[in-house]
Amino acid sequence: MADVVLGIETSCDETSAAVLVGGGRAPELASLVILSQDVHKVFGGVVPELASRAHLAALPAVVERALVEAGVGWGAVDAVAVTQGPGLVGALLVGVVYAKALAYAGDRALVGVHHMEGHLFAPAVEDPDLAPPFVALLVSGGHTLLLDVPAWGQYRLLGATRDDAAGEAFDKVAILLGLGYPGGPPIERLAQSGDPARFTFPRPMLDEGFEFSFSGLKTAVLHAVRASDDLERDRPHVARGFQDAVLDVLVTKLERAVRATGRRTAVLGGGVACSRALASRAAERLAGLARVAVASPRLNADNAAMIARAGWHRLGLGERSDWTLDARADLPLPGLETVVIPQSTIRNPQ
Ligand code: KG4
Ligand code: ZN
13 MADVVLGIET SCDETSAAVL VGGGRAPELA SLVILSQDVH KVFGGVVPEL
63 ASRAHLAALP AVVERALVEA GVGWGAVDAV AVTQGPGLVG ALLVGVVYAK
113 ALAYAGDRAL VGVHHMEGHL FAPAVEDPDL APPFVALLVS GGHTLLLDVP
163 AWGQYRLLGA TRDDAAGEAF DKVAILLGLG YPGGPPIERL AQSGDPARFT
213 FPRPMLDEGF EFSFSGLKTA VLHAVRASDD LERDRPHVAR GFQDAVLDVL
263 VTKLERAVRA TGRRTAVLGG GVACSRALAS RAAERLAGLA RVAVASPRLN
313 ADNAAMIARA GWHRLGLGER SDWTLDARAD LPLPGLETVV IPQSTIRNPQ
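Using the working numbering, the letters of the sequence shown map in sequence onto residues 13 to 362.
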């Protein structure tokens, strides 16, 4: 068993390294360094080529900083866990090649981690007692996954998005409203002063099973923005109406999943789980049904601590990656199986 794991995450626009230190039962977070690439703000979205270059320039210093802050030398590190995918292939490649070189030169163990499995493990970094079974809603810029998790590594896919991811919808609507990238944080801020009754947007697929669709909602917002004669005045209200629609769909499906599986814990993960509005609405909706487990925001946004934590688990099972480990933009989630719960057996939320 590894006692000190170095995690590396470079799948999108955060260059991150973290150190987990164990020895006892649960590993503890000794350091987490996240360098956000501000360059993309200018372009209103992530520019892949710029992301790769920025990772290349920053990663050695970010890793060094994580080791210094953890108070451990490289000599104490037993294993390196790195995001293998999914994500931007050039960005992933920087992390994978760097991790491989470190592990190979230092004769350390190496393990490739799936980015979304990292998001799933994020609350476990802060809550050592968090363990399956639970249902999980993973909502990021690239994915919207509703999972039943009977055990770590066993992922029963209840539903996913048919088009845009939840975070992607926030980012696109932010552009329509003239807000910056990423879109979630400014929309959540504006929505606080928005009137929930001014704009009511559609709740796509609300009454159907566990799948999601957000592209029609984005179009509805586009029409509202075009029809507005004073966007300055309407902006907070549109933000509020949009956020309410997305969160209503997310928590309705989460509640449906909790009722269908009978799980007593619901995990929220991914960048959209930084939303305090999402966490509080999920807790309200699931009161008496399940407890909501959600990490603090810096662990829900892309970070290497969650990668180190998922890697820790896989290393504990004896898993190792070999030197052929390669970045994969479309890496499938290991242990994922699709389950179909017939519509007739789904008890709808009251
Ligand atoms: O997991 P993440 O950091 O990166 C990916 O793996 O994609 O997720 C980023 C997404 C972005 O789309 C961003 O707008 C969204 O998370 N996000 C939020 C909030 N904070 C970040 N969405 C809604 N409300 C927030 N407070
Ligand atoms: Zn992510």
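We put the CB at the ideal spot given by N, CA and C, even for glycine.
Integer Cβ distance of residue i from residue j, believed to fall under 8 Å
i	j	result
G179	G196	6 Å
V304	K230	Not quite, the Cβ-Cβ distance comes to about 27 Å (not below 8 Å), so this is no contact.
L343	Q96	6 Å
V58	D25	5 Å
A291	A285	7 Å
V94	A111	4 Å
A82	V33	7 Å
T273	D139	Incorrect: roughly 20 Å between the Cβ atoms, too far for contact.
G282	L150	5 Å
D338	S23	Actually they do not touch by this definition, with Cβ atoms about 14 Å apart.
A257	F213	4 Å
L169	A148	About 11 Å; that fails the 8 Å criterion.
V233	L188	6 Å
Where the alpha helix (DSSP H) through residue i begins and ends
i	result
G19	No alpha helix (DSSP H) contains G19, which is instead part of the beta strand (DSSP E) from V16 to E21.
E200	G196 to A203
Limits of the beta strand (DSSP E) - the one that residue i falls within
i	result
E349	L348 to T350
Per DSSP, cross-strand counterpart(s) of residue i
i	result
F224	T173
Report the residue ranges of all alpha helix (DSSP H) runs contained in full by the segment 23-108; include only those spanning at least 4 residues, in chain order. Counting only runs of 4+ residues, the alpha helix (DSSP H) found wholly inside the segment 23-108 occupies 60-82, in chain order.
Just list the alpha helix (DSSP H) runs in the segment 112-180, keeping only unbroken ones of 4 residues or longer that don't cross its boundaries, in chain order. As far as the segment 112-180 is concerned, its whole alpha helix (DSSP H) runs of at least 4 residues are 127-138.
Quick check on the DSSP output: what are the complete alpha helix (DSSP H) runs of length 4 or more inside the segment 236-322, in order along the chain? As far as the segment 236-322 is concerned, its whole alpha helix (DSSP H) runs of at least 4 residues are 243-273, 288-298 and 309-312.
So which residues put a beta carbon under 5 Å from any heavy atom of the ligand ZN, going in chain order? Cβ atoms closer than 5 Å to the ligand ZN belong to S152 and D314.
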